[in-house]
Each structure stands twice: as C-alpha cells, then as structure tokens.
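Chemist: These protein sequences, in sequence, are chains A and B. For what it's worth, the numbering used here labels the leading residue of the first sequence as 32, then goes sequentially. For what it's worth, the numbering used here labels the leading residue of the second sequence as 13, then goes sequentially. Idealized CB from N, CA, C, for every residue including glycine. A quick note: this is a predicted structure, and the numbers were derived from the prediction, not measured. Please find one structure pasted underneath; my questions will follow.
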Amino acid sequence: MDKIVCTCGNVNPAGTELCESCGRPLNEETKEKKIVDMRYEGSARRSQTYNKTIIDKVWNFFSSVKVGMWIIVAILIAAAIGTILPQVFYVPATNETDIAAYYERIYGTFGTLYYQLGLSDLYSSWWFQGLVGMLGISLVIASLDRVIPLYKSLKKQKTKRHISFLKRQRVFGIGKTDVSEESLLSAEEKLKELKYKVKREGNAILAERGRFSRWGPYVNHLGLIIFLFGVMLRALPGFYVDETMWLREGETLYVPETDGYFLESKEFIYETYSKEESKEVYGEAIDRVGTIAKNYQTDVALYKGPEGSVAGHTEELTFEKEASIQVNKPVKFDNFSVFQMDFRLDELATMTFQLQDKETQKSYGEFKIDLADPQPLYELDKGYKVEVMDYYADFTGFEEGIPQSKSPLPNNPAFLIKMYSPEFPKGETSFVMIKETVEPLGENQHKIAFQSVETRDVSGLTVRKDLTLPLLALGGLIFMIGVAQGSYWNHRRIWVQLLEDGQTVIAAHTNKNWLSVKRDLDKVTEVAHLPKYLDQQDTDSLEEKVDIEEGV
Amino acid sequence: MEVSKLAQSKKRRFYMRTAILAVLVVAIVFTVYSNLNKEKNAVLQVGDKAPDFVLVDMDGTERRLSDYKGQGVFLNFWGTWCKPCAKEMPAMDNQYGEYTDQGVQTLAINIGESDLKVNSFLNRYGLTFPIAIDRNKSVMESYNIDPLPTTFLINPEGKIEKIIKGEMTEQDIANFMDQIKPS
C-alpha cells in the first residue's frame, strides 16, 4: 500500500489514477486510454485500495455501487411480491388459524403457500427490514467513500495541468497559433463574463463553473438517509401510534395510548346526497346505485383526566373542547389526531315496553330500558312495577335451562322480568325476547308488550400520532434539493495553457451538457484566437475534421 | 517515520470504519428487533411494573392497586358472557377465602358491563371477593386485555409475576396465589 509520488512531486494516495495536482496519468492502464475517466477525478476510492481485515471487506462490499444497485433491485422485487395478495393487516381475521384459513379459502393453494412463506406479512419481516437497512448502510458507506476523495481532489487541483492530462480530455485542441499574453487576458475576461471562476498561474488558465453540482448525488443520499432514519424512529415507543376505537353515541371512552384523554360521542351523522339537491352531478349515479354518501361525521367532546391520574379514573374529567370529526378532518390534541374511519348504524340503545293485561291489552304503564345500563326496578303507577332480574344482551338460547349470551353487544336482547301488580304482589315471572315471550313459571295474567326502540350509531375512529413526519419531510426536501443540484447545474471546466514550445492547448470537461461547454469554448476561442478543438469522443466530427484537413 | 505514519493512519482508518459499521448495524438490528416485538411490547410482560389504576367496586369501596403494595394481588379480567370466566370465578372465590389472611388480595375487573348484569352474575354464583367495573375501558387498555379471561399475578413489589390467558382450575388458582404470597 504505497503512496504514489507523481513526477510533479505530489504525493497521491494508493489507487489514484490521475495525479490530484497536475493530472498526469499514474498507471499504465490510464496511460493507454485516449480519454480519461473523470467521474471521480481519477481519485482513489478508498474501498478499492485496502482489502485487509474483515472490516475492510465488509466496508468494500457496501461501498460498491453495483452491490447497492442489487440491493435496490432485491427490495423492488420483494416489495412487488408483497402486493400480489393482500397483506395480513387487510385480512378480516385476528388470530393465526383464522388468517391461515382465510388465505386458503380465498386464494387456494397459492394463498396457503404465500402465507406459509411469510409473504403475507412481508413488510414487517426481519429480512425485508434487513434489506432496507442494508440499503441504508450502502448509502452511507458508498457516499462517504466517494465524496471525501472527490472533495479532496477538487480542492487540490492545480491550475496548471500536465499535457498528458489535457490531451486525454474529451474536448481538446492544440495548435501553434499566435497567442500572446493579450489573448490570454481577453480569454480570462470572456470566461469571467460567462460566469466562470478563473484562476491564473503563469501561462495557464483554469476556468471553472458550477462545481457545487458535483455534490448533488451526495446531498440526495443524505436526504434518503434522514428519511430512513425517520422511518427507523417509528420503532421507538412514543413516536408512532396507530390504534382504533369504537365509540357509541353517548359513551365516553379512554383514547388508547394517550395521556389520560377521553372522547365522548355526542352524535354520529351519516348524510347522503338527495336527488333534488344534486341532480346535475349525482342524479344519474343515484338512480344507478341508490345512495351516495355525502358526509360521515362524529361530533365529539374531548376530556382530559387530572394530571398524573391513573387508569380507571372516571371523575374529575375536565372538558377540553368540542369538535366534529369528518373524513380527513380529524380532531387534534397533544400530537394525536383522531380520524373518522368506520361506522355501524342503528345499534339498539333503548327498548320501551308496556305492562299489559294479556286479555284486554290494557296498559298499566310504560317503561324504557337503557340497554347499556338497565335498572333493576321500574316503578309504574298504582302499585304496578317491573323488576328486571337479569339481562342477556346477545341471547343465543338456553343451556340446561340457563339463558346464554354470547357477547355484551345488544344484538338480541332478552330479559328475565318479574311483574308486580295488586293482584299478584309476589310477582309473575316472564322471559322477554324480541318477538317472543316465555312464561317459565306458569301462565301469567300480565305481559310485557314491546313498544318501540331507539338506536344509536357507533363510530369507528383511528387514533394516530406520528412524530417522525417532520423528519420525513426534511429528508424528502433535502433529497429533492440534491436532485435539483445535480440535474439543473453542471460542473464545467476549461483549461487554456501556453506550452513552452510555443504551442497553445485548450481542453474542457463537463459532467453533463457538453454542447454548452463547447459553446462557451467557441465564444472564448473567438475573442482570444485560440486553436480549434476536437470532441475526441464524437467520431463523426473527428472524421469530418480529418476530411477537411485532407482537403476532400 | 513514513512507515509508522502509514501504520498509524491505517489503524485510524480501521477504527473509523469499525465505529461507523457498528453504529449502522446496531441501529438496524435494534429497529428490526423492536419492529418484530412491537406487538409483544405493546402488551405488558412478566417483570414489568403493573400499571396503577383506581376503580370503585360493587360495594362502593375504592380499590387502588398501589394501595396493595406489600401484598400479592390476583388480578382477574372477566365478562359475564365469557363461559370460562363463569367456571373459574367460584373457584377463585374459594381460594380468596383461603389466601386473604395470608396477604394475597383478589380483584376481578369486569369489562364495561352494566351494574345490573354484574350484580346478577355475582349473586348467582355467590361471589364475595371485590369486583369492579371498568366503565371507560381505560384499565383494560392499559393492561391490553385479550382474550377473556386474563389473570395477572402481581407480586408484593408491584411487579407482574405471571400472565395467565384463559381458564384456570381451582388447583391452578391456589398455586398461583401461593406464588405471590408475601414472605
């Protein structure tokens, strides 16, 4: 690993292709080239030079652009595979067996295979995240390995470059024209007019413009790294919350993951377009599909528990604000946003009954049961009363004579009721279901007659918090700045040199947009009487020139 | 001189690369690991401090977890519709009688049902240990309850000793209560 000492005296790091100072080619391979590779100014990418320890080997692996490209391709293919079937979080099942069964039922053998290979939860798999992580490593190392030597060699470059460097530039011209100090000065002036930064050293001119565009790719990578860092932060507790809650009208519930916040639903509103109001726009569609939703809205009140309070506390909630949550218009508090996401209409809320005489259907009074909080006793007039002995919200039938309820949701309410009347002070027992009554202890004289129901709606809300968004936005912005920097500017350099043998050399290089630099050069040669140049890569123009010279 | 300088810079380069690689690898391993454990992390784990709560039981007594410091707490979450709950609760009641004097408290938390329903349930099974209703489901949220029944054994230091998902036999219950007896 020896340093390379150039004939000009500059000491270059091992692996350098073009002397950082004078530009002489430093190895045979480069010497044989007609045009030098200017991509990294011929500097030594550190990865290519040291390959000793395991750390160096790992480093060199990630430094390779080829490796980076294959990582991107692998991520691309994997991400695409993840879209073939719905991912597990879109599947309407919660436990493993149900999920497996779902994939098999809907997608058959392929579905089972997809599930068993773990492709159904691809984006959360360790290997996918590992791939993205490897891309992150590749971005950091490949950038570091290139930007530092590039910066060094651009900073170190001398105004006076060796002829062997200049003649290997794509745009090159040499000739014995009548170039005096005066024409060098006018060239300098013209270049300055063209917004070049001009340096002069003896009989050599280096004019340079837009060097900062060379940093574009690295700024761009920095943006990506910040973006990935933001995504990484989501894994830390407190940065990212995505929860759902079901909230019934009139109910006050704790908002998951928040610091003691509670939401009460005042009302859920579901509106559709009427034909009269929007015949123009939706008339046809309403005829076709029936209804078109106009608004999903939950009117809520937000409360906060006392500072430092513990779970379970229901008193001392302080009112914070009222808000209407609509689709894409969440209620916001304390970095949280609560979104309208789903709804269920018309869940049973109350049931109204009459105590009647079975024969005459004469009513002895009416009572209303709140299904969320049924009372044990409902007093009616004149000594009539109704005792609710038990309540079955989701009645499914009797098991060994005992009524069963399969959930706490009022899907099929049933009541075990005792009716007290002056005639039956000890009460008559009745089991009241929807559309049916059982009299378990013998024939009754009275009955509970169903009158009406009130329903309430349930709002499905999503609770979300994302503290990484500003970081993601910053990463995105820096990424775009890098893209603009690298695309809309280009790094142009023009060398003019008066050789000792009286010949004049011009050469130019740009990282893109060769036409522009040639045009700049045209303007300069015109005023300064410099020799004609050739584009050594554009063979057509080369042959043309030869033809002209040979007089054909 | 030249050689030692070169060796030095090589050394520096080695440490630099090792440090950068280490930082990147640690960051990625941590991210992948915590993403994989996200669902598990959301749920309380053995060894965690049991989140404090305060609820009023069916007799009107305020029950605050932190008041039981120094005693074991057998914390059960249940619902009247849940059949395994109905099976294990009478057994819990028997053991409650055995272990309260030995410093193990029993508390059953119902998930947001009505007073009437909970009262009829505890009358039917003749339950005597404290039962409270988590009306706004905040205790359930902080303990991440799924499925019912779920039982937490909380030791005298207030740490979670064990989490039992599903039904327990009377023998299980006795063993568990024994496990959190203050020494």
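#1: Which residue marks the beginning of the alpha helix (DSSP H) containing MET382 of chain A, and which one marks its end?
#2: Can you say whether VAL362 of chain A is buried or exposed, counting buried as having 16 or more other CB atoms within 10 angstroms of its CB?
#3: How is GLN200 of chain B classed by DSSP in three states: helix, strand or coil?
#4: In angstroms with no decimal places, state the Cα-to-Cα distance between THR303 of chain A and SER483 of chain A.
#5: Grouping DSSP H, G and I as helix and E and B as strand, with all else coil, what is ASN443 of chain A?
#6: Could you have a look at SER132 of chain B and say whether DSSP puts it in helix, strand or coil?
#7: Express the C-alpha separation of GLN328 of chain A and PRO407 of chain A in angstroms, rounding to a whole number.
#8: Taking only beta-carbon atoms, is ALA342 of chain A less than 7 angstroms away from chain B?
#9: Tell me, to the nearest whole angstrom, how far the beta carbon of VAL68 of chain B is from that of ALA342 of chain A; I am working on the premise that it is less than 8 angstroms.
#10: So ASN41 of chain A and GLU48 of chain A are in contact, right, with Cβ under 8 angstroms, and what is the actual spacing, rounded?
#11: Sort B:ILE123, B:ALA98, B:THR140 by Cα distance to THR181 of chain B and report the nearest one.
#12: According to DSSP, simplified to helix, strand and coil, what is MET248 of chain A?
#13: Can you name, in chain order, every residue of its own chain whose Cβ lies under 6 angstroms from the Cβ of GLY91 of chain B, other than the five neighbours on each side?
#14: For a minimum of 3 consecutive residues, which ranges assigned as the beta strand (DSSP E) are wholly contained in the stretch 518-565 of chain A?
#15: Based on Cα-Cα distance, which residue from A:ASP318, A:GLU274, A:GLU397 lies nearest to PHE367 of chain A?
#16: From the DSSP output, in three-state form, read off GLU72 of chain A for me.
#17: If distances are taken between C-alpha atoms only, which option among A:ALA173, A:CYS37, A:ARG550, A:TYR121 comes closest to ARG192 of chain A?
#18: Could you spell out where the beta strand (DSSP E) holding VAL89 of chain A opens and where it closes?
#19: Output the residue ranges of the alpha helix (DSSP H) runs that lie fully inside the stretch 294-330 of chain A and measure 4 residues or longer, sorted by chain position.
#20: Please determine if the stretch 81-101 of chain A and the stretch 149-160 of chain A are in contact, where contact requires at least 3 C-beta pairs separated by less than 8 angstroms.
#21: Which chain B residues sit within Cβ distance under 7 angstroms of THR541 of chain A?
#22: When burial is assigned at 16 or more other CB atoms within 10 Å of the CB, is PHE188 of chain B buried or exposed?
#23: Among residues of its own chain, excluding the 5 on either side of SER169 of chain A, which ones have a beta-carbon nearer than 7 angstroms to its beta-carbon?
#24: Does the separation of the CB atoms of THR493 of chain A and MET382 of chain A fall below 7 angstroms?
#25: So, does the CB of GLU169 of chain B fall closer than 7 angstroms to a CB anywhere in chain A?
#26: For the alpha helix (DSSP H) that contains LEU181 of chain A, what are its first and last residues?
#27: Closer than 9 angstroms, Cβ to Cβ, to anything on chain A: give me those residues from the stretch 150-177 of chain B, in chain order.
#28: Roughly how many angstroms separate the alpha carbons of LEU498 of chain A and ILE400 of chain A, rounded to a whole number?
#29: Can at least three beta-carbon pairs, one atom from the stretch 64-79 of chain B and one from the stretch 179-197 of chain A, be found at a separation below 8 angstroms?
#30: How long is the line joining the alpha carbons of SER394 of chain A and ARG487 of chain A, rounded to whole angstroms?
#31: Going by Cα to Cα distance, which pick from A:TYR134, A:VAL171, A:ALA110 is closest to ALA39 of chain B?
#32: Interface residues of chain B around ASP87 of chain A at Cβ under 8 angstroms?
#33: For the candidate residues A:GLN160, A:ALA218, A:GLU298, A:ILE465, whose alpha-carbon lies nearest to that of ALA559 of chain A?
#34: Give me the Cα-Cα distance between PHE42 of chain B and VAL35 of chain B, rounded to the nearest whole angstrom.
#35: If contacts are defined as beta-carbon pairs under 8 angstroms, then GLN516 of chain A and VAL250 of chain A qualify, I think. What distance do you get, rounded to the angstrom?
#36: When you compare only the Cα positions, how much space is there between LEU348 of chain A and VAL286 of chain A?
Modeler: Quick answer:
#1: Element bounds for MET382 of chain A: not the alpha helix (DSSP H) but the beta strand (DSSP E), 367-388.
#2: Buried: at least 16 other Cβ atoms inside 10 Å.
#3: The requested residue 200 of chain B does not occur in the structure, where chain B is confined to residues 13 to 195.
#4: Distance between the alpha carbons of THR303 of chain A and SER483 of chain A is about 26 angstroms.
#5: ASN443 of chain A falls in the strand class under three-state DSSP.
#6: In the structure shown, the three-state DSSP call for SER132 of chain B is helix.
#7: PRO407 of chain A and GLN328 of chain A: Cα-Cα distance of roughly 35 angstroms.
#8: Residue contact with chain B for ALA342 of chain A: present (Cβ-Cβ distance below 7 angstroms to some residue of chain B).
#9: Contact doesn't hold; Cβ gap of about 13 angstroms is too wide.
#10: Contact between ASN41 of chain A and GLU48 of chain A does not hold, since the beta-carbon distance rounds to 14 angstroms and is not under 8 angstroms.
#11: Of B:ILE123, B:ALA98, B:THR140, the residue nearest in Cα terms is B:ALA98.
#12: For the record, residue 248 of chain A in the displayed sequence is Pro; it is not Met. The three-state secondary structure of PRO248 of chain A, taken from DSSP, is helix.
#13: Exclusion of the five residues before and after GLY91 of chain B leaves ILE123, LEU160 as the residues of its chain whose Cβ lies within less than 6 angstroms of its Cβ.
#14: Taking only runs of at least 3 residues, the beta strand (DSSP E) segments lying wholly in the stretch 518-565 of chain A are 523-529, 535-541.
#15: The shortest C-alpha to C-alpha distance from PHE367 of chain A to any of A:ASP318, A:GLU274, A:GLU397 is the one to A:GLU274.
#16: Residue state, collapsed to three classes: coil.
#17: The shortest Cα separation from ARG192 of chain A among A:ALA173, A:CYS37, A:ARG550, A:TYR121 belongs to A:CYS37.
#18: Note, VAL89 of chain A: premise wrong, no beta strand (DSSP E); alpha helix (DSSP H) at 85-94.
#19: Counting only runs of 4 or more, we get 310-320.
#20: Counting Cβ pairs under 8 angstroms, fewer than three are found: no touch.
#21: In chain order: nothing, as chain B lies at least about 33 angstroms away.
#22: The residue is buried, with at least 16 neighbouring Cβ atoms inside 10 Å.
#23: So the qualifying residues of the chain are PHE93, VAL98, GLY99, ILE102.
#24: Result no, Cβ atoms of THR493 of chain A and MET382 of chain A do not sit closer than 7 angstroms.
#25: Not a single CB atom of chain A sits nearer than 7 angstroms to the CB of GLU169 of chain B.
#26: The continuous alpha helix (DSSP H) containing LEU181 of chain A extends over residues 157-187.
#27: Only those residues of the stretch 150-177 of chain B whose C-beta falls short of 9 angstroms from the nearest C-beta of chain A are listed: SER150, VAL151, MET152, GLU153, SER154, TYR155, ASP158.
#28: Rounded to whole angstroms, LEU498 of chain A to ILE400 of chain A spans 45 angstroms at the Cα level.
#29: A contact is defined here as three or more CB-CB pairs under 8 angstroms, and the stretch 64-79 of chain B fails this definition with respect to the stretch 179-197 of chain A.
#30: Roughly 27 angstroms separates the two Cα atoms.
#31: Measuring from the Cα of ALA39 of chain B, the nearest candidate turns out to be A:VAL171.
#32: Correct list: PHE26, ARG29.
#33: Nearest to ALA559 of chain A by alpha-carbon distance, out of A:GLN160, A:ALA218, A:GLU298, A:ILE465, is A:ALA218.
#34: The straight-line gap from Cα to Cα measures roughly 11 angstroms.
#35: About 6 angstroms separates the two Cβ atoms, so the contact holds.
#36: Distance between the alpha carbons of LEU348 of chain A and VAL286 of chain A is about 13 angstroms.
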